[in-house]
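Below is one structure, written out as structure tokens, with a few remarks after it.
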Amino acid sequence: MYFDHNQVISEVFHFDHSNENNEVFHIAYGVDKNFLFGCVISITSILLNNTKQEFHFHIFSDYLDDDFKKRIELLAKQYRSKISVYIVNCQELKRLPSTKNWSYATYFRFIIADILYPAIDRLLYIDADIICKGSFGELIGLDINKFLVAAVKEKDSSWWQKCAKRLEIDNLSQGYFNAGFLYINLENWQKEDVSSKAMKLLEQESVKSKLDYLDQDLLNMIMVNNVFFLDKRYNCQYSINYELKVPNGTYYKNPIEDSTIFIHYIGPTKPWHEWAGNYPCSKYFIEAKNNSPWKDSTLLSAKNANQWRYCAKHKFHQGKNVAGLIGYFKYYWFKIVR
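As numbered in UniProt numbering, residues 1 to 338 make up the sequence shown, in order.
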């Protein structure tokens, strides 16, 4: 095993207000401090739109303060659900292979798959920047016995062909998936030893040089021909920064439809950022937030140069010129001084 089960999880907190008599569906997240707010609102959105289903949420994180503990307890109680938080010992992970763009946090999804098995044999893993806007009972009942995962394809066939050529795996031209939404067959994952295979590939310089999308590339390489491809309504990707491409006062063509179940907010601007809350595409996040114990919390301000740059761009786009100027000043200050 590439990590010590007894060392990698330092503490576990259980917040349980569920009805144990009902069948439970398991959902997991791997987040650091910066994505924890998004994670709990993502959980709220699922509970809000799937009231008849019993859930057990598993949050793997390197951070949890007392305020979050209290509010997670309230969230579990409000929706009669169970939420477990696993505190990850990142010192244990830092000894594993890494690259400039591959931090220890990337290992979270591999830890999740290995830690939760064999107690759980099916698991939905989703990124914290995904919001649910509908019921997904059909997915819960999906038969994936013959597959490693069920996932949604990235972009189009021309993209798959480019990935197949870059990674030198011809069959990827038939479909390359986004790893932010994975319905995982944990039993098959263990049989195929997916996590250890990923670690071994990462140790090879010839493989690392091909990776543009890190763990997503590795998972596609390992799982080729063993994926059940889902409809795009389960992972509708949208960047809030697309809004910057259209004239002020108008909005980018929104791909989110009535049939969309999960919205994946890709890109550096997230719906929990203060400069993103006014756009129609963010309303699903705001609705979930307003129905959670975080309803009185403010959206997050920019914290680094990159965030201040996008904050400034959006403020100008929204006609808030003074705020835009302040944003650019802070962008240059963070970039030069800090």
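Just so it is clear, CB atoms sit at the ideal spot from N, CA and C, and this is done for glycine as well.
{"query": "Taking just the CA atoms, how far does Phe-110 sit from His-230?", "result": "A quick correction: the sequence has Leu, not His, at residue 230. Cα to Cα, Leu-230 sits roughly 21 Å from Phe-110."}
{"query": "By alpha-carbon positions, which one of Pro-271, His-14 and Asp-215 ends up nearest to Tyr-107?", "result": "Asp-215"}
{"query": "Which first and last residues belong to the alpha helix (DSSP H) in which Arg-309 is found?", "result": "305 to 317"}
{"query": "Is it true that the region 290 to 299 meets the region 315 to 335, where meeting means three or more beta-carbon pairs spaced less than 8 Å apart?", "result": "no"}
{"query": "Let me know the secondary structure DSSP gives Ser-42 once reduced to three states.", "result": "helix"}
{"query": "So, does the region 139 to 151 touch the region 176 to 185, judging by three or more C-beta pairs under 8 Å?", "result": "yes"}
{"query": "Assess contact between the region 69 to 89 and the region 129 to 149, defined as three or more Cβ pairs (one per stretch) separated by less than 8 Å. Is contact present?", "result": "no"}
{"query": "Considering only the beta carbon of each residue, do Asp-32 and Ala-105 sit closer than 8 Å?", "result": "yes"}
{"query": "What are the start and end residues of the alpha helix (DSSP H) that includes Ser-158?", "result": "157 to 167"}
{"query": "Tell me Lys-153's beta-bridge partners as DSSP assigns them.", "result": "Phe-177"}
{"query": "To the nearest angstrom, how far is it from the Cα of Pro-191 to the Cα of Asn-185?", "result": "The sequence shown places Lys at residue 191, not Pro. When rounded, the distance between both Cα atoms is 10 Å."}
{"query": "How many Å lie between Ile-336 and Lys-330 at the Cα?", "result": "10 Å"}
{"query": "Taking the alpha carbon of Ile-261 as the point to measure from, which residue in Glu-205, His-5, Leu-48 and Tyr-86 has its own alpha carbon closest?", "result": "Leu-48"}
{"query": "Report the start-end ranges of each beta strand (DSSP E) in the region 167 to 249 that is 3 residues or longer and not cut off at the edges.", "result": "181 to 185, 227 to 230 and 236 to 239"}
{"query": "Rounded to whole angstroms, what's the CA-CA distance from Tyr-63 to Val-12? Just pull it up for me.", "result": "12 Å"}
{"query": "Can you tell me whether Glu-20 is helix, strand or coil according to DSSP?", "result": "coil"}
{"query": "Can you look up Glu-54 in the DSSP assignment and give me helix, strand or coil?", "result": "strand"}
{"query": "Specify, as a first and last residue, the run of the beta strand (DSSP E) that Ile-130 falls within.", "result": "130 to 132"}
{"query": "Kindly indicate the opening and closing residues of the alpha helix (DSSP H) around Ile-87.", "result": "Careful: Ile-87 lies outside any alpha helix (DSSP H), inside the beta strand (DSSP E) at 82 to 88."}
{"query": "For Ile-169 and Met-223, which I take to be in contact (beta-carbon distance under 8 Å), what is that distance rounded to the nearest angstrom?", "result": "Going by Cβ atoms, the distance from Ile-169 to Met-223 rounds to 11 Å, so no, they are not a contact pair."}
{"query": "Rounded to a whole number of angstroms, what is the C-alpha to C-alpha distance between Phe-334 and Pro-118?", "result": "46 Å"}
{"query": "Whole angstroms are fine: how far does the CA of Val-8 sit from the CA of Asp-212?", "result": "27 Å"}
{"query": "Just the Cα atoms here: how many angstroms apart are Phe-177 and Asp-217?", "result": "9 Å"}
{"query": "Which whole-angstrom value describes the C-beta separation of Asn-278 and Gln-318, a residue pair presumed to lie in contact below a C-beta threshold of 8 Å?", "result": "6 Å"}
{"query": "Measure the alpha-carbon distance for Phe-60 versus Ser-42 and round it to whole angstroms.", "result": "14 Å"}
{"query": "Should Thr-51 be labelled buried (16 or more other beta-carbon atoms within 10 Å of its own) or exposed?", "result": "exposed"}
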